[in-house]
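To keep things clear, I will list the structure first and then write my remarks on it.
There are 2 protein chains.
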Amino acid sequence: MSGRPAITDHPVHPIIAERWSARAIDPDRPVEREKVLSMLEAARWAPSCFGDQPWRYLVWDRFEDSEAWEQAAANLAEGNQAWARPSPILILAVAATTFSRNGKPNRWGQYDTGAATENLHLQGVELGLVVHQMGGFDPDAARSLFGIPDDFEPMAMIAVGYPGQVADLPEGYQDSESAPRQRKPLAELAFRGSWDTPLT
Amino acid sequence: MSGRPAITDHPVHPIIAERWSARAIDPDRPVEREKVLSMLEAARWAPSCFGDQPWRYLVWDRFEDSEAWEQAAANLAEGNQAWARPSPILILAVAATTFSRNGKPNRWGQYDTGAATENLHLQGVELGLVVHQMGGFDPDAARSLFGIPDDFEPMAMIAVGYPGQVADLPEGYQDSESAPRQRKPLAELAFRGSWDTPLT
């Protein structure tokens, strides 16, 4: 696990408290296919509206398909490439915009895909991996490069690998690996019956 | 836990395998506030784009604010009211459409809120509760009734309570409490480098 659990105000399961988004990844250690499959399997069992399962994942493994992996890495924003290039695995989370059962708009496609990817993220951290989701990539280029259909929306690129050395990160990214983890207070996030009435 | 774990093709953490969306809820047993707070705390520690934390939760407790709870229950689609009315707790998950840091559109508001709610869901099941998300409710009515601002989008109503008797559910909802749990095969959900190329 991460050794950097959230300091929570109320008890939560360790798998949730210990999930975070590290950046230091070992460039030389591949990720076993079985671990990648367990992450995807965790995503598979998420809940979804009408059980439609609107999530899809594209997976690149630098140790298996280095050219294809390079296409995916080059699709990342420069700021993300700066730290994420050591990742042996990149995964793109894609959300359906329509229901597979009837082709009608699916208002929950992105919401449900976020849920599935949280399962994937938790499972990865549980297996001793660094998992870090990124919004900084080019979704239009990804769509044409990787053949993503019009009724699916690329949502997040995900860097996956074994933990590496913080000292090997670019300087601007080193502090965040040990800075205190912070969140808004619950009073700003949870309300009692109507907006802005704090629950507690 | 649920006693109805997913039959997974690859190993996943028990908290993920044992999460499901039951419907039979005990109408007479309140949910301790501390458990509700642990669920919300689990949501709080989810990842989000730029750490913006776009999720908000409205909470109703039938044993504390029965009139307010009734407003929330009446907002559910009829098919959901049929089984969800025993719930002591209803929670509405709401997603920001803009970043709180700069007011610009947040393309990940719903995705991140889905992730946070998956944490909430997992934590609830871990605490021995039934948790069931519903898309069937009236988001426009919810917006005006509960004072939800224009730059937030109501996403899911969530029924929470202790497990009840399956025999007390309306007849059409009883079978699903014990039917085999199913998902699409991983080959339809996870691809190797480009769309529709199965990973395995």
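Residue numbers (numbering that gives the first Met the number 0), protein chains in the order written: chain A, 0 to 199; chain B, 0 to 199.
Just so it is clear, CB atoms sit at the ideal spot from N, CA and C, and this is done for glycine as well.
Model, not experiment: these values are computed from the prediction.
Residue i in three-state terms, based on DSSP
i	result
glutamate 152/A	strand
tryptophan 82/A	helix
histidine 9/B	coil
leucine 206/A	Outside the shown range of chain A (0 to 199) lies residue 206/A, about which nothing can therefore be said.
threonine 199/B	coil
methionine 98/B	It should be noted that the sequence gives phenylalanine, not methionine, for residue 98/B. Correct three-state label for phenylalanine 98/B: coil.
isoleucine 24/A	strand
arginine 46/A	Here residue 46/A is proline; the residue named in the question, arginine, does not match the sequence. Three-state result, proline 46/A: coil.
phenylalanine 62/A	coil
valine 30/A	coil
proline 162/A	strand
serine 177/A	coil
tryptophan 68/B	helix
isoleucine 147/A	coil
leucine 168/A	coil
glutamate 117/A	helix
arginine 182/A	coil
arginine 3/A	coil
tyrosine 110/B	helix
arginine 18/A	coil
Backbone CA spacing between residue i and residue j [nearest angstrom]
i	j	result
proline 169/A	aspartate 64/B	53 Å
leucine 39/B	alanine 186/B	34 Å
phenylalanine 98/A	methionine 133/B	16 Å
alanine 140/B	serine 47/A	23 Å
proline 153/B	isoleucine 6/A	29 Å
methionine 0/B	glutamate 17/B	Only weak support is given to the placement of methionine 0/B: the predicted model assigns it a pLDDT of 45, under 50, and the value that follows is read from those uncertain coordinates. Near 7 Å, if we compare the C-alpha coordinates of glutamate 17/B and methionine 0/B.
threonine 196/A	glutamine 173/B	37 Å
isoleucine 15/A	isoleucine 90/A	21 Å
alanine 73/A	histidine 120/B	36 Å
tryptophan 107/A	glycine 113/A	10 Å
arginine 3/A	serine 177/A	8 Å
valine 30/B	alanine 189/A	16 Å
isoleucine 157/A	valine 130/A	7 Å
alanine 81/B	leucine 57/A	39 Å
lysine 183/A	threonine 199/A	14 Å
valine 11/A	glutamate 69/A	38 Å
alanine 92/A	aspartate 137/A	13 Å
valine 35/B	glutamate 66/B	19 Å
According to DSSP, residues forming a beta bridge with residue i
i	result
alanine 92/B	Tyr56/B and Ala155/B
proline 104/B	Thr97/B
valine 129/A	Gly160/A
phenylalanine 211/B	As shown, chain B starts at 0 and ends at 199. That puts residue 211/B outside it, with no answer to give.
phenylalanine 136/B	Leu75/B
Short CB-CB distance (under 7 Å) between residue i and chain D
i	result
phenylalanine 98/A	Within the model displayed, chain D is absent; protein chains A and B are what it includes.
Residue i, buried or exposed, once every other Cβ within 10 Å from all chains shown has been counted against 16
i	result
glutamine 164/B	exposed
phenylalanine 62/B	exposed
glycine 160/A	buried
glycine 50/A	exposed
proline 104/B	exposed
arginine 100/B	exposed
glutamine 122/B	buried
proline 53/A	buried
glutamate 117/A	buried
glycine 192/B	buried
alanine 166/B	exposed
glutamine 109/B	buried
proline 13/A	exposed
proline 179/B	exposed
glutamate 125/A	buried
serine 86/A	buried
serine 37/B	buried
serine 143/B	exposed
heavy atom of the ligand SAM below 6 Å from residue i C-beta
i	result
aspartate 150/A	With respect to the ligand SAM, the structure shown offers nothing to examine, as it has no ligands at all.
Chain A contacts from the segment 106-120 of chain B (Cβ-Cβ distance under 9 Å): Arg106, Trp107, Gly108, Gln109, Tyr110, Asp111, Thr112, Gly113, Ala114, Ala115, Thr116, Glu117, Asn118 and His120
At a Cβ cut of 7 Å, what residues of the segment 51-73 of chain A count as close to chain B, listed as they run along the chain? Gln52, Trp54, Arg55, Tyr56, Leu57, Val58, Trp59, Asp64 and Ala67
At a CB distance below 8 Å, what residues from the segment 75-88 of chain A approach chain B? Give them in sequence order. none
Along the segment 183-195 of chain A, where does the CB come closer than 8 Å to a CB of chain B? Name the residues. Lys183, Leu185, Leu188, Ala189, Phe190, Arg191, Gly192, Ser193, Trp194 and Asp195
Below 7 Å between beta carbons is the criterion; list the residues of the segment 132-146 of chain A that meet it against any residue of chain B, in chain order. Gln132, Gly134, Phe145 and Gly146
Taking only beta carbons into account, state which residues of the segment 4-33 of chain A come closer than 9 Å to chain B, listed in chain order. Ala5, Thr7, Asp8, His9, Pro10, Val11, His12, Ile14, Ile15, Ala16, Arg18, Trp19, Ser20, Arg32 and Glu33
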